[in-house]
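Residue numbers (my numbering): -1 to 97. Just so you know, even glycine gets a beta-carbon here, dropped at the ideal spot from N, CA and C. Working notes for the structure below.
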């Protein structure tokens, strides 16, 4: 099995819709087994720091989306996922052993 990990920011958009929601909808449409969206507390990357705090409220936090499925399923959705993410984040893949 493979784990597809996507790192983006909460406020990233694709065609006027939050990117993480677009990615989840795409995964559901393609019958991927499931995914989890994790909210990060802080971070930085090529687009600078990921957090902005205003009076104790943090916005535009980093998000990590993890998808675990069979190699064939991940490979079939990977090209479109990469296009959707574009320059907004990074997509990584690693092999996992699910029990």
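Counting along the chain, where does the beta strand (DSSP E) carrying residue 5 start and finish? 0 to 7
Measuring only the C-alpha atoms, how far is residue 7 from residue 63? 11 angstroms
Compare the beta carbon distance of residue 3 and residue 90 with 7 angstroms and say whether it is the shorter of the two. yes
Compare the Cα-Cα distances from residue 88 to each of 96, -1, 60 and 70 and report the closest residue. 60
Alpha carbon to alpha carbon, what distance is there between residue 96 and residue 37? 23 angstroms
Residue 15, DSSP secondary structure in three states: strand
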